[in-house]
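K.L.:
Numbering (UniProt numbering), first residue to last: 1 to 323.
1. Count Cβ pairs between the stretch 105-116 and the stretch 63-75 that sit closer than 8 Å; are there 3 or more?
2. Under a three-way DSSP split, which group does residue 117 fall into?
3. Tell me the DSSP secondary structure of residue 292 in three-state form.
4. Beta carbon of residue 53, beta carbon of residue 60: below 8 Å?
5. Does the distance from the C-beta atom of residue 243 to that of residue 269 stay below 8 Å?
6. Taking DSSP as the reference, what is the three-state secondary structure of residue 60?
7. Let me confirm a value: residue 161 is counted as buried when at least 16 other C-beta atoms fall within 10 Å, else exposed. Which label applies?
8. CB-CB under 6 Å to residue 214, same chain, minus the five flanking residues each way: which ones, in chain order?
9. Touch check for the stretch 250-259 and the stretch 294-307: three-plus C-beta pairs under 8 Å?
10. Just grab the DSSP bridge partners of residue 151 for me.
11. Reducing DSSP to helix, strand and coil, say where residue 11 ends up.
12. Ignore the nearest five residues each way along the sequence and tell me which others in residue 323's own chain have a CB closer than 8 Å to its CB.
13. Alpha carbons only, please: which of 212, 174, 180 is nearest the one belonging to residue 234?
14. For a test of the three-state rule: what should DSSP assign to residue 318, helix, strand or coil?
15. Go through its chain and collect everything with a Cβ distance to residue 202's Cβ below 6 Å, but skip five positions before and after it.
16. What three-state label does DSSP hand residue 72 in the structure shown?
17. By the 10 Å Cβ neighbour count, where 16 or more other Cβ atoms means buried, how is residue 119 classified, buried or exposed?
18. Less than 8 Å between C-beta atoms, sequence neighbours within five positions excluded: which residues of the same chain meet that for residue 3?
19. As a quick exercise: from 281, 312, 314, pick the residue whose alpha carbon is nearest that of residue 302.
20. May I ask you to verify whether the stretch 42-50 touches the stretch 103-111, counting CB pairs closer than 8 Å and requiring at least 3?
21. To the nearest angstrom, how far is it from the Cα of residue 330 to the Cα of residue 90?
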């Protein structure tokens, strides 16, 4: 494998001190109550808002009540734009709208789309399938209200990273199984697709920076505590009996990631079902590289690839080739 950058190794050491695997449920709940506000340091690390994007806060229907959402639209853009539903990562236990402003605003700007970022209920207070059902209910609501934001509900994509990648993949299954809304494209960024933990990379990268095997086990335990639920397709989309009829996908994975093979195996399953897939492995990168655009050298390239694929898919153009 390619060598990790020194700054990535240092970042991994810092994050290792606040690893979820060393926290109790009480500590996780306390972390969730802390407000993460924009400031120069946070914006340098996480990227901050892209210039030229209008931002609006709203709410959408979740499975058991309304959930916060944030809408990003390129400033001055005319006419209905494609709609991208963004689902944040954080191991189903963390992540906020503020910490995903960089990704949401840059997708809106780079893909020429209206982006709606979802703030679903978190574990350990809300176990599976709360997050998945919140995201599906919000998808239905957002699609129905697309004209409110001058968005086109006939051109919808879902995008998510890590746990958000898991939820984005689950949404495509739910939308297919529940007769809509129709999803044109799925962007899955280092997604967790197998909560039975059957990927060989879990051992290969057990002590990787940012995310370790211990972290994976802890996140899974908080989100899906019942072992019998972990093989359900709406928890582990890789284990669905049928992947046909799902939207074309871009799957990005990181070389130094315990769940790298979750993404690679999911790509194989989609291809076997006749679904067009583009897969990119970002060498020398850890899990979560797109969340640290100033520290991870591959983040700009990964963002550009994602926005390019979104533009192509949501314009109704079939890419000439996928790999």
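Beta carbons are placed, not taken as given, at the ideal position from N, Cα and C, and that holds for glycine.
P.N.:
Once the coordinates are examined:
1. These segments touch.
2. Under the three-state reduction of DSSP, residue 117 is assigned to strand.
3. Secondary structure at residue 292: coil, using DSSP grouped into helix, strand and coil.
4. No, Cβ-Cβ distance for residue 53 and residue 60 is not below 8 Å.
5. Yes.
6. Strand at residue 60.
7. With 16 or more other Cβ atoms within 10 Å, it is buried.
8. The answer, listed in chain order, is 21.
9. A contact is defined here as three or more CB-CB pairs under 8 Å, and the stretch 250-259 meets this definition with respect to the stretch 294-307.
10. Residue 151 is bridged to 81.
11. Residue state, collapsed to three classes: helix.
12. The predicted position of residue 323 is uncertain, since its pLDDT is 46 and thus under 50; no value can be drawn from it.
13. Residue 234 has its Cα closest to that of 174, out of 212, 174, 180.
14. Any reading at residue 318 needs caution, since the residue's pLDDT is 44, under 50, leaving its predicted position unreliable; the model's value is listed next. Taken through DSSP and simplified to helix, strand or coil, residue 318 comes out as coil.
15. Cβ within range, chain order: 213, 258.
16. In this structure, residue 72 counts as strand in the three-state DSSP scheme.
17. By the beta-carbon neighbour count (other beta carbons within 10 angstroms, threshold 16), residue 119 is buried.
18. Taken in chain order, the residues that qualify are 284.
19. With respect to the C-alpha of residue 302, the residue from 281, 312, 314 having the closest C-alpha is 281.
20. Contact check between the stretch 42-50 and the stretch 103-111: three or more CB pairs, one atom from each, fall below 8 Å, which counts as touching.
21. Nothing about residue 330 can be read from this structure; the chain reaches only from 1 to 323.
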